Amino acid sequence: MEQALDITLTVNGTAVSRRVAARQHLVDFLREELGLTGSHIGCEHGVCGACTLRVDGEIVRGCLMLAVQANGCRVDTIEGLSDSKELAPLQKAFHERNALQCGFCTPGMLMAAQDLLKHHPKAGREEIRLHISGNYCRCTGYQAIVDAIEEVMHGKG
Amino acid sequence: MGKAELPLHAPGTQLDRGYIGQSVPRPNAQRLLQGRGAFIDDLRFPRLAHAAFFRSPYAHARIKKLDFSIALKQPGVIGIFDGRAVAEYCTPWVAVLAHLKGIKSPPQHAIAIERACWQGEACAAVVAESRSQAEDAVGLIEAEWEELPVVVDMEASLRGDVVIHEELKDNVCFRRELDTEGVAGAFSGADLVVEDTFHFGRHTGACLEGRAILADYNAGEHSLTVYHATQAPHMMQDIFSRHLNIPEANVRVIAKDVGGSFGIKVHVYPDEMATAALSVMLRRPVKFVADRLESFLSDIHCREHRVRVRLACMKSGEILAFDLDDLTALGPYSVYPRTSGIEGNQVVNLTGGPYKHREYRARMHAVFTNKNVTCQYRAVGHPIAVALTEGIVDLAAQKLGMDPAEFRRRNLIADDAYPYTFPSGIKFEKLSHHQCLDKLLDLMGYQKLRQEQDRLRRDRIYRGIGLAAMIEVTNPSPAFYGVGGARISAQDGATLRLEPTGMVTVMCSVTEQGQGTEGIFAQIAASAVGVSIEKVRVITGDTGVTPYGGGTWASRGAGIGGEAVLQAGRALRANILEVAAATLKLERGLLDIVDNSVVDRLTLETRMPLAELGRVAYFRPDTLPPEFQSELTVTRHYTPRQYAFTFTNGIQASLVEVDPDTGFVKLLKHWCVEDSGTVVNPMLVDEQIRGGVVQGIGAALYEECLYGPDGQLLNGNLADYLVPMAPEMPDIVCAHVETPTRQSQLGAKGVGEAGTAGAPAAVMNAINDALAPLGARVTRMPFTPERILDGIARARTRA
Numbered sequence: 007m008e009q010a011l012d013i014t015l016t017v018n019g020t021a022v023s024r025r026v027a028a029r030q031h032l033v034d035f036l037r038e039e040l041g042l043t044g045s046h047i048g049c050e051h052g053v054c055g056a057c058t059l060r061v062d063g064e065i066v067r068g069c070l071m072l073a074v075q076a077n078g079c080r081v082d083t084i085e086g087l088s089d090s091k092e093l094a095p096l097q098k099a100f101h102e103r104n105a106l107q108c109g110f111c112t113p114g115m116l117m118a119a120q121d122l123l124k125h126h127p128k129a130g131r132e133e134i135r136l137h138i139s140g141n142y143c144r145c146t147g148y149q150a151i152v153d154a155i156e157e158v159m160h161g162k163g
Numbered sequence: 009m010g011k012a013e014l015p016l017h018a019p020g021t022q023l024d025r026g027y028i029g030q031s032v033p034r035p036n037a038q039r040l041l042q043g044r045g046a047f048i049d050d051l052r053f054p055r056l057a058h059a060a061f062f063r064s065p066y067a068h069a070r071i072k073k074l075d076f077s078i079a080l081k082q083p084g085v086i087g088i089f090d091g092r093a094v095a096e097y098c099t100p101w102v103a104v105l106a107h108l109k110g111i112k113s114p115p116q117h118a119i120a121i122e123r124a125c126w127q128g129e130a131c132a133a134v135v136a137e138s139r140s141q142a143e144d145a146v147g148l149i150e151a152e153w154e155e156l157p158v159v160v161d162m163e164a165s166l167r168g169d170v171v172i173h174e175e176l177k178d179n180v181c182f183r184r185e186l187d188t189e190g191v192a193g194a195f196s197g198a199d200l201v202v203e204d205t206f207h208f209g210r211h212t213g214a215c216l217e218g219r220a221i222l223a224d225y226n227a228g229e230h231s232l233t234v235y236h237a238t239q240a241p242h243m244m245q246d247i248f249s250r251h252l253n254i255p256e257a258n259v260r261v262i263a264k265d266v267g268g269s270f271g272i273k274v275h276v277y278p279d280e281m282a283t284a285a286l287s288v289m290l291r292r293p294v295k296f297v298a299d300r301l302e303s304f305l306s307d308i309h310c311r312e313h314r315v316r317v318r319l320a321c322m323k324s325g326e327i328l329a330f331d332l333d334d335l336t337a338l339g340p341y342s343v344y345p346r347t348s349g350i351e352g353n354q355v356v357n358l359t360g361g362p363y364k365h366r367e368y369r370a371r372m373h374a375v376f377t378n379k380n381v382t383c384q385y386r387a388v389g390h391p392i393a394v395a396l397t398e399g400i401v402d403l404a405a406q407k408l409g410m411d412p413a414e415f416r417r418r419n420l421i422a423d424d425a426y427p428y429t430f431p432s433g434i435k436f437e438k439l440s441h442h443q444c445l446d447k448l449l450d451l452m453g454y455q456k457l458r459q460e461q462d463r464l465r466r467d468r469i470y471r472g473i474g475l476a477a478m479i480e481v482t483n484p485s486p487a488f489y490g491v492g493g494a495r496i497s498a499q500d501g502a503t504l505r506l507e508p509t510g511m512v513t514v515m516c517s518v519t520e521q522g523q524g525t526e527g528i529f530a531q532i533a534a535s536a537v538g539v540s541i542e543k544v545r546v547i548t549g550d551t552g553v554t555p556y557g558g559g560t561w562a563s564r565g566a567g568i569g570g571e572a573v574l575q576a577g578r579a580l581r582a583n584i585l586e587v588a589a590a591t592l593k594l595e596r597g598l599l600d601i602v603d604n605s606v607v608d609r610l611t612l613e614t615r616m617p618l619a620e621l622g623r624v625a626y627f628r629p630d631t632l633p634p635e636f637q638s639e640l641t642v643t644r645h646y647t648p649r650q651y652a653f654t655f656t657n658g659i660q661a662s663l664v665e666v667d668p669d670t671g672f673v674k675l676l677k678h679w680c681v682e683d684s685g686t687v688v689n690p691m692l693v694d695e696q697i698r699g700g701v702v703q704g705i706g707a708a709l710y711e712e713c714l715y716g717p718d719g720q721l722l723n724g725n726l727a728d729y730l731v732p733m734a735p736e737m738p739d740i741v742c743a744h745v746e747t748p749t750r751q752s753q754l755g756a757k758g759v760g761e762a763g764t765a766g767a768p769a770a771v772m773n774a775i776n777d778a779l780a781p782l783g784a785r786v787t788r789m790p791f792t793p794e795r796i797l798d799g800i801a802r803a804r805t806r807a
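First to last, the protein sequences are chains Z and Y. The numbering of the first sequence is the numbering used here, which starts it at 7 and goes up by one. The numbering of the second sequence is the numbering used here, which starts it at 9 and goes up by one.
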């Protein structure tokens with residue numbers, strides 16, 4: 007039988023306790039057990055960034071972390087940061103500049119962009135491009151995404 | 009400019025084109041920004057079962073034995089089925105089209121029977137209560153194989169040393185020849201003949217969302233509802249109906265949010281057909297989502313061409329003729345139902361397309377191999393045709409010592425020469441090559457860049473400027489597929505309904521894949537009816553709801569679907585005014601609709617808000633004249649007829665810097681001037697172009713599906729298969745010339761594939777321009793550092 011463990015963590019501010027398979031990825035746990043389907047699965051080997059989440063304040067790949075590793079952690083997802091309005095300025099700029107097309111990469115892209123806003127609020131255009139270098143977008147060609155992030159940064163600066 | 013030519017409102021009023029031509033943000037993007045989209049894998053169903061596939065580890069092998077006994081005992085396993093079991097529910101298909109003369113392909117089953125013909129072909133299906141349980145069981149299927157000789161190289165395939173399908177006699181799926189008869193004379197009389205061979209790597213779409221399908225068979229009503237990440241819901245409805253033997257009216261295909269398509273999600277995939285069959289077999293909903301490794305092995309691949317091309321010209325620069333020989337490697341089957349013959353066919357149709365030479369000869373062979381199947385991916389054939397045209401044109405200009413921009417100017421078809429028939433037989437309604445060239449050179453500051461390039465060369469900094477003129481197939485008529493017997497609709501329809509609150513609901517058969525279809529339909533509908541855009545709600549992607557139509561492919565959404573929405577909007581506006589006239593007891597001609605209200609046409613004074621009109625029409629029709637019946641739902645359809653395709657044109661430029669020590673190419677900037685007719689939403693159009701350019705850059709510099717001699721895919725994951733990421737990409741400057749098509753009142757042509765069509769050629773020419781002082785030249789895409797260093801080394805050896 008599959009090994010299972012009990013975990014307790016905080017997801018988007020709410021305490022959650024579940025018994026999970028030891029092999030289950032954090033993003034699968036969020037999607038399958040909690041119904042938080044905003045974090046997407048694009049490659050499952052840590053390259054595309056579609057499953058980017060925030061764990062204890064740092065962005066991580068939800069496909070490279072096991073759910074059991076998040077025991078005792080605070081996990082924030084696109085749903086939580088949307089409801090708290092933390093992402094509102096980025097979401098507004100992405101919308102106005104059409105910095106998304108199919109929208110599959112967008113939650114992960116927003117998590118990465120918000121991380122840059124928090125840690126390097128004065129980043130330049132090249133630094134923005136570098137910071138989202140782990141987030142694959144097949145639709146936009148990235149320029150509008152860079153523009154939108156730059157606009158929010160400039161507004162803040 | 010189309011603006012003055014589009015009377016969305018009756019003459020005499022003060023109104024402009026409403027939202028047409030404005031950069032309105034897409035209303036439907038909001039949910040995606042909050043992670044509240046509805047992709048297939050986000051849907052939750054009771055009794056949902058999950059499919060995983062046992063795939064062939066060999067490129068070509070006989071299946072001697074499949075033993076499911078251990079796998080069947082695993083927890084959660086519901087059933088395991090081989091090809092024969094699935095074939096009892098799903099009939100095989102043969103992907104040929106009558107107008108592609110001589111094309112041939114063997115029958116293909118949803119699950120392979122007896123023989124696997126490429127590594128990754130599904131040979132058994134496991135259904136379990138969870139995906140992980142299904143995958144566990146896949147790993148416990150025991151198989152015995154007899155390896156068969158493989159055909160990997162396309163030249164070997166053409167020679168036919170090993171024939172993959174014995175019953176077909178040889179490996180040629182499709183061949184085409186075209187000759188204007190005067191080619192030999194043109195070459196013998198030419199001052200200059202240049203020749204080169206171009207190689208195009210096999211690559212793939214790499215959509216971020218894998219292919220996804222959730223099929224829900226209801227035995228009680230013998231109905232099948234399929235939630236499908238697809239570009240063509242009605243095409244799939246027809247196919248599920250015919251191959252699963254369920255009446256078409258009982259099949260409903262719903263495409264909710266789709267995570268990238270680019271042509272990948274417009275084809276019939278065996279594992280998806282199997283998933284639908286499994287739902288019927290098990291009488292419960294079954295889901296399959298291709299994971300990344302499966303995507304590389306089973307999403308269609310594309311390109312992989314070897315093209316020898318010759319160009320004849322005079323010292324004046326006048327091009328006399330093109331002569332080409334194209335060889336392209338398919339997989340072991342032509343892909344259903346569009347076939348795998350179209351890309352090569354397009355190369356023959358389009359090569360040399362921007363230029364005014366009259367002699368042309370082309371020969372093309374599309375051959376089977378034991379690699380994954382290939383089919384239509386964004387820009388289908390155009391990247392090949394544009395690159396070999398523009399590559400050989402640059403070589404000719406170089407040999408003549410002529411500036412490449414000037415060489416093009418002397419040969420581009422004149423802007424007043426239309427309508428025009430090109431030697432390959434294709435017809436152009438109206439193009440604007442010279443306007444686009446002028447605009448591009450001005451936009452990029454061409455002369456200054458040339459001066460800067462010269463200056464930097466003295467410091468051993470190797471910059472290159474590459475140009476690529478292009479034509480592009482858009483708004484296809486039934487000539488693309490319908491005439492060949494494919495049940496793929498070239499027409500589209502739109503239904504518009506005025507709601508009692510004065511809102512307008514639009515239902516259209518063109519789908520949304522993120523390109524902004526729903527956004528531009530809202531703009532067109534709002535403008536045509538006379539309401540503000542927030543009053544419009546658009547529904548697409550549901551065969552149970554929208555009119556019948558083709559969906560999203562071949563850059564047709566705005567031009568065909570948009571025209572249907574425009575016509576339906578105008579009809580709804582007329583019907584609303586009938587209701588207003590009856591209610592207000594005024595002449596209809598005295599009324600108009602502005603800003604959500606019926607107004608006096610001359611004074612613009614509000615006579616009746618649409619919400620009030622809706623209330624009367626729906627809830628108090630007793631107050632209307634007894635003989636009057638309001639009709640506030642209208643449907644209109646549109647099919648392009650006058651031309652087989654509505655060609656667009658454009659030109660791109662790339663500025664690169666090549667490091668001769670490392671072979672690295674730095675993309676400094678990219679420009680695109682495009683004429684796609686009426687631009688409904690400049691922001692969305694520019695974003696389509698930019699995204700397309702970056703996909704083209706991927707083909708030029710990074711992306712290639714590499715196969716070993718045994719037919720094994722060597723780099724089928726997102727770490728080894730390189731795609732364009734943000735830091736390496738340049739800023740892309742877009743500009744437009746607007747030559748509306750006269751075939752429709754909207755005047756829109758297609759634009760979604762333009763970027764991908766021209767970017768590889770522009771980048772290639774820029775690299776070769778940078779390498780010119782070193783005497784080096786590269787013609788094998790993608791231009792990896794290794795290939796560039798190799799090109800430089802070969803030049804040194806020659807010197």
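For every residue, glycine included, the Cβ atom is placed at its ideal position computed from N, Cα and C. Note that this is a predicted model, so its numbers are computed, not measured.
If distances are taken between C-alpha atoms only, which option among Y/C125, Y/V276, Y/S324 comes closest to Y/E154? Y/C125
Please state whether the Cβ-Cβ distance between Y/D187 and Y/R369 is less than 7 Å. Y/R369 sits close to Y/D187, with the two beta carbons spaced by under 7 Å.
Rounded straight-line distance, which links the Cα of Y/E542 to that of Z/E102: 15 Å
Is Y/K447 helix, strand or coil by DSSP? For Y/K447, the three-state secondary structure derived from DSSP is helix.
Whole-angstrom C-beta distance between Y/A769 and Y/G399, which should lie under 8 Å: In this structure Y/G399 touches Y/A769 by the C-beta definition: roughly 7 Å separates them, less than 8 Å.
What's the gap between the Cα of Y/L358 and the Cα of Y/S440? 17 Å
Residues within the segment 206–233 of chain Y neighbouring chain Z, beta-carbon criterion of under 9 Å: G213, A214, C215, L216, E217, G218
How is the alpha helix (DSSP H) around Y/Y385 delimited, first residue to last? Y/Y385 -> no alpha helix (DSSP H), and no H or E assigned at all.
Below 7 Å CB to CB, which residues in the same chain sit around Y/D90 once its five sequence neighbours on both sides are set aside? L74, I119, A132
State yes or no: is the C-beta of Y/S563 within less than 7 Å of the C-beta of Y/T482? yes
Range covered by the alpha helix (DSSP H) that runs through Y/Y556: Unbroken run through Y/Y556: none, as it is neither H nor E.
Helix, strand or coil at Y/Y454 according to DSSP, with G and I counted as helix: helix
Spatial neighbours of Z/E132 in its chain, beta-carbon cut-off 7 Å, leaving aside the 5 residues before and after: none
So which of Y/P484, Y/L692, Y/D500 has the shortest CA-CA distance to Y/F655? Taking only the C-alpha atoms, the option nearest Y/F655 is Y/P484.
Between Y/P362 and Y/L420, how many whole angstroms is the CB-CB distance? I'm expecting something under 8 Å. 5 Å
Nearest CA to the CA of Z/E64: which residue from Z/R144, Z/I155, Z/Q120? Z/Q120
Is there a C-beta anywhere in chain Y that falls below 7 Å from the one on Z/H101? At least one C-beta of chain Y is nearer than 7 Å to the C-beta of Z/H101.
Measure the C-alpha to C-alpha separation of Y/H211 and Y/L403 and round it to an integer number of angstroms. 26 Å
Need the endpoints of the alpha helix (DSSP H) that Y/S306 sits in, please. 300–306
Leaving aside the five residues before and after Y/G524 along the sequence, list all residues of the same chain whose C-beta is less than 8 Å from its C-beta, in chain order. R34, N689, L692, E695, Q696
From the DSSP output, in three-state form, read off Y/N378 for me. coil
Is it buried or exposed for Y/I800, if we count other Cβ within 10 angstroms and need 16 for buried? Answer is buried; the Cβ neighbour count reaches 16.
Should Y/L56 and Y/K264 be called a contact, given that it needs their Cβ atoms to be closer than 7 Å? no
Between which two residues does the beta strand (DSSP E) containing Y/K677 stretch? 673–683
Proximity to Y/H251 [Cα-Cα], best of Y/S517, Y/D739, Y/A284: When each option's Cα is compared against that of Y/H251, the closest is Y/A284.
When the Cα of Y/Q637 is compared with those of Y/A625, Y/H645, Y/G558, Y/F436, which residue comes out closest? Selected option, being the one with the closest Cα: Y/A625.
State yes or no: is the C-beta of Y/V587 within less than 7 Å of the C-beta of Y/L621? yes
Chain Z residues whose Cβ lies nearer than 9 Å to that of Y/Q38: Within chain Z, the C-beta atoms nearer than 9 Å to that of Y/Q38 come from Q97, H101, in chain order.
Close Cβ partners of Z/S23 (< 6 Å) along its chain, the five nearest in sequence each way excluded: The beta carbon of Z/S23 sits closer than 6 Å to the beta carbons of T14 from its chain, once the five residues preceding and following it are set aside; these are given in chain order.
Contact criterion: CB-CB distance below 7 Å. Does Z/G86 meet it with respect to chain Y? no
Can you have a look at Y/P790 and say buried or exposed, based on whether 16 or more other CB atoms are within 10 angstroms of its CB? buried
Rounded straight-line distance, which links the Cα of Y/K273 to that of Z/E85: 28 Å
Cutoff 7 Å; reference Y/F672; Cβ partners in own chain excluding five residues on either side: P793
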